[in-house]
Amino acid sequence: SRIMADTATKPLDTAAQPPREFQKHTRACFRCKLVKTYEQFFEEGCDNCAFFQMIDDRDRVAECTTPSYSGIVSTIDPAGSWTAKWLRLGKMVPGCYALEINDDVPEGIQQEIEDRMEGGR
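Here the numbering used here is used: the first residue of the sequence shown is 14, the next is one more, and so on.
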């Protein structure tokens, strides 16, 4: 039915664009682990962490993301996926995510994340 078709595609309406390439130049957001290319973060920012204000700011992209991560998982329906919930991605937009960040979060970025979490989001 028409309603089912609309519902089935709704999660993809807000999906983060997948990385344009997986060979190199991909980075993961320090807070949510969303994986994109450097240029995608520069052009679009982080779909989950707009407060990082990375759009058109190369220094912010370098501060708020890291090329050092392990594994990747893609999710189409984070709210309905037990895997996404287990990985704590249930409230994130559909997209590609790092399984683990292999880099220390810079102190200033860690403070921004903590301040955002205390403020409720």
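Glycine included, every Cβ here is placed at the ideal spot set by N, Cα and C.
- A distance below 6 Å between beta-carbons, with the five flanking residues on each side excluded, links ILE68 to the following residues of its chain, in chain order: GLY58.
- Residue state for ILE114 is assigned as strand, using DSSP reduced to three classes.
- Secondary-structure assignment with DSSP links GLY84 through no beta bridge to anything.
- With fewer than 16 other beta carbons inside 10 angstroms of its own, ILE89 counts as exposed.
- Between the region 44–59 and the region 69–86, the count of C-beta pairs closer than 8 Å reaches three or more; the two stretches touch.
- Between PRO31 and GLY93 a beta carbon distance of about 19 Å is seen, past the 8 Å cut, so the two are scored as non-contacting.
- Counting along the chain, the unbroken alpha helix (DSSP H) around CYS77 starts and ends at 71–77.
- For LYS104, no beta strand (DSSP E) encloses it, and the DSSP letter there is neither H nor E.
- With contacts defined as CB atoms closer than 7 Å, ARG129 and PHE64 qualify as a contacting pair.
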